[in-house]
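Colleague:
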Amino acid sequence: QRDWVTKLPAIEFAINMARSESTGYAPFFLNTGRMPRPLIWEHAKRDEYPGVRIYAQKVKAAIMAAHDSIIAARVKQTRDANRRRRPAPFAEGDLVYL
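For the record, in the sequence shown the residue sitting at position 1 is 1405 according to my numbering, with numbers rising by one throughout.
1) Under three-state DSSP, which class holds Val1500?
2) Please state whether the Cβ-Cβ distance between Ala1422 and Ile1474 is less than 8 angstroms.
3) What did DSSP end up calling Thr1410 once you bin it into helix, strand or coil?
4) Which value, in whole angstroms, describes the spacing of the CA atoms of Glu1425 and Leu1434?
5) Check each candidate in Ala1477, Arg1490, Ile1467, Arg1487 and name the one with the smallest Cα separation from Phe1417.
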């Protein structure tokens, strides 16, 4: 893939909009206290702002692709982690150091 540099801003935007499992918040919300508005115009006509509309559609597609990639990576990482996981070598009532 040769155009990855042009897709980096959209990927960063998608990651910053994604809610973290650890914190329960998206980085955008933690940094600014609010989430950015979605790239959707409800009242604009089809022929109004054609360049902006095309750009927004490209960014939206990149965000959706990045979101799908994040989910696929999460599934793969979970599967790989569970594959190496072993049962605890102690039983209930055993004395252990914490």
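C-beta: ideal position from N, C-alpha, C; glycine also.
Modeller: Once the coordinates are examined:
1) Val1500 sits in coil when the DSSP states are folded into three classes, being neither helix nor strand.
2) In contact: Ala1422 and Ile1474 (Cβ atoms closer than 8 angstroms).
3) helix
4) 14 angstroms
5) Ile1467
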